[in-house]
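These protein sequence lines are chains A and B, in that order.
Read in order, the letters of the first sequence correspond to residues 0 to 241 in numbering that gives the first Met the number 0.
Read in order, the letters of the second sequence correspond to residues 0 to 241 in numbering that gives the first Met the number 0.
2 protein chains.
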Amino acid sequence: MNKKPTLFTSLSPALLHLTNLKDAIVVIIDVFRATSTISTALFNGAEKVIPVAAVDECKRLGDEIPNAVTAGEREGKVIEGLQYGNSPAEYPRAFIEGKTLVLTTTNGTKLLHMAFERGCAEVVTGSFTNLSSVCEYITNQEKNVVLGCSGWKDMFNLEDTLFAGAVIDRVKERFIIHDDASLMAQQIYRLHENNLYKFIQNTTHWHRLAAYGLQRDLQYCITHDIANVLPIFKNGELVVYQ
Amino acid sequence: MNKKPTLFTSLSPALLHLTNLKDAIVVIIDVFRATSTISTALFNGAEKVIPVAAVDECKRLGDEIPNAVTAGEREGKVIEGLQYGNSPAEYPRAFIEGKTLVLTTTNGTKLLHMAFERGCAEVVTGSFTNLSSVCEYITNQEKNVVLGCSGWKDMFNLEDTLFAGAVIDRVKERFIIHDDASLMAQQIYRLHENNLYKFIQNTTHWHRLAAYGLQRDLQYCITHDIANVLPIFKNGELVVYQ
């Protein structure tokens, strides 16, 4: 019998260096809202999503790539010089199908670069919107897995941790899981899985984004499997895993 | 009416820099076992406890200070050249009364130095063994509070987080608490407060220490108020707050 692969949870990019990423699949999690928007755009037929950290790079790629849409927000408003925001609601099929979304995302992009620098095998993105795709993929690959929460400026956040817990709750029999972060994440998810929408309203991020009138976005972002595809990172681009 | 002070939880020394420590009380938490041993030694009449990071400094202070006891462990054994270990059971009143305990503790001492470098007002130590003293002190001071979990080599751990949650559960009405780490800590404590001994046996640290035959130590370390004094750091030494 083969030994099961391991699964670890990193609660913040500032803790990622403590986990061995060598040859592992890293699931990047940024529930509010980058990884929810990424799965939504791809689910609705976007050809690819290019995640970038810097606004200038976003603009440059938007100019270079045919049929590109540039997107990014600061404090709830579209960044000057970009075209759209970070809301999944901005990317219905009628608009995004066949296009390339160049998305500015600080926390998630940072984590993506760290993951490759530390020798991971591959990066996929996860959020409640594609929970089943993530679980199916990681159980089929038989590789070690690291669930990487993006947090907020390196701070711990609950929504990413809750998603990590949701994954662990579904796949735990298929992995060796020994770290306290995974145990905590699963417990807190189990405690609130039936009242996620209510509980999430206690989080810091909810308060920040709800102040911009984004409650509907946030509700969407905790809806299980509403954009159920698996974004996988290949050659600098996120595309749907086939 | 005065504005309430704030309370934040830092889940690891690697996240402490994200919290404003200026003029705050920092509660250093290292449940298994440094801060449990510190409160026990002081409760049993030790004159003071001097926490040090390096073994050499521990030996040097042990030679210089009259009536000193040097202590420190690596992998469950007393470090060569030191006299005693990290177990609270080694410091009954008949032995430790009137003495100075020079204690080697890697995770906790690191956090202590970071806290002062970042401008905190004072440092106290907390563990389940002195829960009530910690809660009473921080509610009386009317200063901002940071609960600093020591973790294990910067990794998140559950036992320190559970203690942070126990404090928050008792003092929450007296502070402004908005961070997700505090919310999570309180929730996980509430979930397990009536079966703490059973739950803690799932943690990484339990498995590591129980392998050295330290189950009784660990059970002691989660006993509420069994050594209920407040260790406060003054001039390089931890003494009982009077």
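Ideal Cβ placement from N, Cα and C applies to all residues, glycine included.
- Within the segment 148 to 163 of chain A, the residues whose Cβ lies closer than 8 Å to any Cβ of chain B are, in chain order, Lys152, Asp153, Met154, Phe155, Asn156, Leu157, Thr160.
- Here A:Leu217 is near A:Trp205, since their CB atoms are less than 8 Å apart.
- The residues Pro4, Leu6, Ala23, Ile24, Val26, Ile137, Phe174, in chain order, have a CB closer than 7 Å to that of B:Val144 in the same chain once the five nearest residues on each side in sequence are set aside.
- The Cβ atoms of A:Ala40 and A:Leu100 sit closer than 8 Å to each other.
- Residue A:Glu56 holds the alpha-carbon nearest to the alpha-carbon of A:Gly80 among A:Ile95, A:Ser86, A:Glu56, A:Tyr90.
- Taking C-beta atoms under 8 Å as the contact rule, B:Thr202 and B:Glu158 qualify, at a distance of about 6 Å.
- With fewer than 16 other Cβ atoms inside 10 Å of its own Cβ, A:Pro91 counts as exposed.
- For chain A, the residues of the segment 170 to 188 of chain B that bring a beta carbon within less than 8 Å of one of its beta carbons are His177, Asp178, Asp179, Ala180, Leu182, Met183, Gln186, Ile187, in chain order.
- Going by C-alpha positions, A:Lys98 is about 53 Å away from B:Leu111.
- If you compare the alpha carbons of B:Lys152, B:Asp178, B:Lys58, B:Glu116 with that of B:Leu146, the shortest gap goes to B:Asp178.
- Restricting attention to B:Cys119, B:Pro87, B:Phe115, the CA atom closest to the CA of B:Asn129 is found in B:Pro87.
- The straight-line gap separating the alpha-carbon atoms of B:Asp153 and A:Ile37 is approximately 31 Å.
- The beta carbon of A:Leu237 sits closer than 8 Å to those of Ile37, Leu41, Lys47, Val48, Ile49, Pro50, Thr124, Pro230, Ile231, all from its chain and outside the five residues before and after it, given in chain order.
- Restricting attention to beta strand (DSSP E) runs no shorter than 3 residues, the segment 114 to 197 of chain A encloses them at 121 to 125, 144 to 148, ordered along the chain.
- Per the C-alpha coordinates, the member of A:Phe127, A:Ala180, A:Lys233, A:Asn193 positioned closest to A:Asp224 is A:Phe127.
- Around A:Ala13, the beta-carbon contacts reaching into chain B at under 7 Å are Ala13, Leu14.
- Close to B:Asn201, with beta-carbon spacing below 8 Å, are these residues of chain A in chain order: Leu182.
- The secondary-structure analysis by DSSP pairs B:Ile95 with nothing; it has no beta-bridge partner.
- At a cut-off of 8 Å between beta carbons, A:Leu190 contacts chain B.
- Put simply, the backbone Cα of A:Arg169 is about 53 Å away from that of B:Glu96.
- Along the segment 54 to 87 of chain B, the alpha helix (DSSP H) occurs as fully enclosed runs of 4 or more residues at 54 to 63, listed in sequence order.
- Contact annotation: A:Gly71 and A:Ile78 have beta-carbon atoms nearer than 8 Å.
- Residue state for A:Leu217 is assigned as helix, using DSSP reduced to three classes.
- Taking all protein chains shown into account, B:Arg215 has fewer than 16 neighbouring C-beta atoms within 10 Å of its C-beta and is therefore exposed.
- Under the Cβ criterion of 8 Å, A:Leu6 is not counted among the residues facing chain B.
- For B:Gln200, the number of other beta carbons within 10 angstroms of its own is below 16, and it is reported as exposed.
- Taken through DSSP and simplified to helix, strand or coil, B:Thr222 comes out as coil.
- For B:Leu10, a Cβ of chain A is located within less than 8 Å of the residue's own Cβ.
- Here B:Asp29 is buried: its Cβ has 16 or more other Cβ atoms, across all protein chains shown, within 10 Å.
- With a cutoff of 8 Å on beta-carbon distance, B:Gly235 and B:Pro12 are scored as not near each other.
- For B:Thr104, there is no enclosing beta strand (DSSP E), as DSSP gives it neither H nor E.
- Chain-ordered listing is empty here: chain B has no CB closer than 9 Å to the CB of A:Leu20, the nearest sitting near 15 Å.
- In this structure, the alpha-carbon of A:Tyr211 lies about 11 Å from that of A:Arg73.
- Shown here, B:Phe31 sits in coil according to DSSP, grouped into three states, outside any helix or strand.
- Residue state for A:Ser11 is assigned as coil, using DSSP reduced to three classes.
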